[in-house]
Amino acid sequence: MTTSPETQAIAERQLCGLVNGLAQRIAEHVRERAATLGLTASQATALREMSGPMTMRELAERMSCEPSNTTFVVDKLEKQSLVERHPHPTDRRAKHLVLTAEGTALRARLLELLAVESPLSGLGPQEQRVLHGLLEQALVRP
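Take 5 as the starting number for the sequence shown in my numbering and just add one per residue.
Right, dumping it as structure tokens:
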């Protein structure tokens, strides 16, 4: 059974609306939780993504933004004594971003806050894995 172009267009519009709506709800959730900690959404996103030492490029990829934007965010986090730049162990041109003890504690608190009433909390772990797999599959298809 083939789908007409009109039916396909309606389905894509509906899916796009749902994906965009979810992305907006997640962004708003991050903004609200970040504000309670005195952070911007970008700073909260950076802290959330810093699961260990990483380069600026790695963090930019995780944040889905340009390295220049990441530099601005990291500069602010560094001024707040939440992140330090250390020499990279194998690449002398790069710096490793490392959370300070204060940054690690704030990240833990942030992760706790983000878990409360998350837009995805209505889905169980299996449902989240299925959604993840479907979205990943849609993104890798041409």
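Built from N, CA and C at the ideal position, the CB exists for glycine as well.
Residue from the options with nearest C-alpha to residue i
| i | options | result |
| --- | --- | --- |
| Ala119 | Gln18, Gly25, Glu36 | Glu36 |
| Glu116 | Ala38, Leu19, His100, Asn24 | Ala38 |
| Met58 | Ala27, Leu43, Thr94, Ile14 | Thr94 |
| Cys108 | Ser125, Arg96, Ser55 | One detail in the question is off: residue 108 reads as Thr in this sequence, not Cys. Answer by Cα proximity: Ser55. |
| Leu26 | Glu65, Ser125, Arg96 | Ser125 |
CB-CB length for residue i against residue j, believed under 8 angstroms
| i | j | result |
| --- | --- | --- |
| Leu101 | Leu51 | Not confirmed; about 11 angstroms, so no contact. |
| Glu106 | Ser72 | Not confirmed; about 26 angstroms, so no contact. |
| Leu114 | Ala45 | Wrong, their Cβ atoms sit about 11 angstroms apart, outside the cutoff. |
| Leu110 | Leu41 | 6 angstroms |
Short Cβ contact (9 angstroms threshold) for residue i with residue j
| i | j | result |
| --- | --- | --- |
| Pro91 | Arg29 | no |
| Arg145 | Ala98 | no |
| Glu53 | Met67 | yes |
| Leu143 | Leu135 | no |
| Arg89 | Val78 | yes |
| Leu139 | Val23 | yes |
| Thr6 | Ala15 | no |
Beta-bridge partners of residue i, as assigned by DSSP
| i | result |
| --- | --- |
| Pro91 | Lys99 |
| Thr59 | His100 |
Q) Of all the alpha helix (DSSP H) runs that stay within the bounds of the segment 27-72, which reach a length of 4 or more residues? A) 45-53, 60-67
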